[in-house]
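Using this note's numbering, read the sequence shown as starting at 13 and increasing by one per residue. What follows is a set of notes on a single structure, which appears directly below.
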Amino acid sequence: MIWVWSKLSSVKWMDAWEERFYGNQNAVITLMKGGANLRVEVYNETQEEAEKLREYWGGSVRKIAQENWVAKSAVVKPPLKIRSEIVVTMEGDGPKLDQLRKDFSDRLVISVPPEMAFGTGDHPTTANCLRLLVDEAHRRKGTDWNFLDLGTGSGLLAIAARHLGALAIDAVDYDEAAILVARRNCERNGLSLEDESVKVEVGDVFEWEPARQAEVLIANLFSDVLIAAMPRIAKWLQAEGTLIVSGILNAQWPAVREAGEKEGLVFGEPVQRGKWTTAQGRHG
13 MIWVWSKLSS
23 VKWMDAWEER
33 FYGNQNAVIT
43 LMKGGANLRV
53 EVYNETQEEA
63 EKLREYWGGS
73 VRKIAQENWV
83 AKSAVVKPPL
93 KIRSEIVVTM
103 EGDGPKLDQL
113 RKDFSDRLVI
123 SVPPEMAFGT
133 GDHPTTANCL
143 RLLVDEAHRR
153 KGTDWNFLDL
163 GTGSGLLAIA
173 ARHLGALAID
183 AVDYDEAAIL
193 VARRNCERNG
203 LSLEDESVKV
213 EVGDVFEWEP
223 ARQAEVLIAN
233 LFSDVLIAAM
243 PRIAKWLQAE
253 GTLIVSGILN
263 AQWPAVREAG
273 EKEGLVFGEP
283 VQRGKWTTAQ
293 GRHG
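Written as structure tokens, this is what we have:
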């Protein structure tokens, strides 16, 4: 059986829902008749996964007959190239992935197959984070730095950070299903979870505490979560650290920036792609 979590929402939140579940091949967003509301549905393999979504977002859960929903809906997109460093592919293990690694032998090829998670790399928020992460890793080359990934989703940013030189990784998401996928992706891409310097775990940004401050911190979260959690996020950023915030609609950026400035953070010029904003900040 398949367990379906669903929730009705105002159409004004469509962008936020699309961003949160982008890359989740089990998610469907349907515009309702009349155009004022939408329905968000996520297909889960277990009742527990569906109930976790209901616990966090509200809505309802129902049971339907089993189908290979991922296989039916998955569309493998062309690989995403980040700077001259990284290639992100939705190909899993197999000849196509082997060929990609041969074709891009001078780059890191990260495999993130479509599963019940988020952040496959081609959404503007994740892609912008990757570009800024590569730039920041170059700036810190030859130095020791730790990485904190809030809202890790598929684990893509954590995987990239490790290969770019991060000594320790803390990757967190509130969603247990996402963390299971992130852990699989880490193992698939050479990050051993038996390594004590790599932690990929379930955590609520308002309750969880990291083991250490981070020199590089990426928070790819809803704008309202970023704003409310900014005092905690600023505390987790090392004195000379770099904060990258994303998941922000352009219209919401001023409020996020103001929340950061209240905590003593100074932001540079934001990067905007389409309707999404990503920005870098540091302690002033």
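Built from N, CA and C at the ideal position, the CB exists for glycine as well. Note that the structure is a prediction, hence the values are computed from the model and not measured.
Self-check item: Pick from ALA263, GLY272, GLN264 and LEU261 that is closest to LEU255, judged by C-alpha positions
Solution: GLY272
Quiz item: Are any of the Cβ atoms in chain D nearer than 8 Å to that of LEU43?
Solution: Here chain D cannot be found, since the structure has a single protein chain.
Practice problem: Determine the burial state of LEU179: buried for a count of at least 16 other Cβ atoms within 10 Å of its Cβ, exposed for fewer. | Solution: exposed
Self-check item: 8 Å Cβ cutoff met for TRP265 and PRO282
Solution: yes
Exercise. Classify GLN111 as buried or exposed, calling it buried when 16 or more other Cβ atoms lie within 10 Å of its own Cβ.
Key: exposed
Exercise. Could you say if the region 50-60 and the region 86-100 meet the contact criterion of at least three C-beta pairs nearer than 8 Å?
Key: no
Quiz prompt | Outcome for PHE234 when other beta-carbon atoms lying within 10 angstroms are tallied against a minimum of 16 | solution = buried
Exercise. Mark VAL121 as exposed unless 16 or more other C-beta atoms lie within 10 angstroms of its C-beta, in which case mark it buried.
Key: buried
Exercise. Using DSSP bridges, identify the partner residues of PHE159.
Key: ILE181 and VAL228
Practice problem: Could you tell me the boundaries of the beta strand (DSSP E) in which VAL212 lies? | Solution: 210-214
Quiz item: In chain order, what residues of the same chain have a beta carbon less than 7 Å from the beta carbon of ALA55, not counting five sequence neighbours either side?
Solution: Before going on, a small fix: residue 55 reads as Tyr here, not Ala. These residues qualify, in order along the chain: ILE14, VAL16, ASN38 and TRP81.
Quiz item: Which of the three DSSP states, helix, strand or coil, is assigned to LYS247?
Solution: helix
Quiz item: Tell me, which residues are paired with TRP15 by DSSP?
Solution: ASN56 and LYS75
Quiz prompt | Span of the beta strand (DSSP E), counted from its first residue to its last, around ALA168 | solution = Residue identity check: residue 168 is Leu in the sequence provided, not Ala. First-last for LEU168: 168-175, but that is the alpha helix (DSSP H), not the beta strand (DSSP E).
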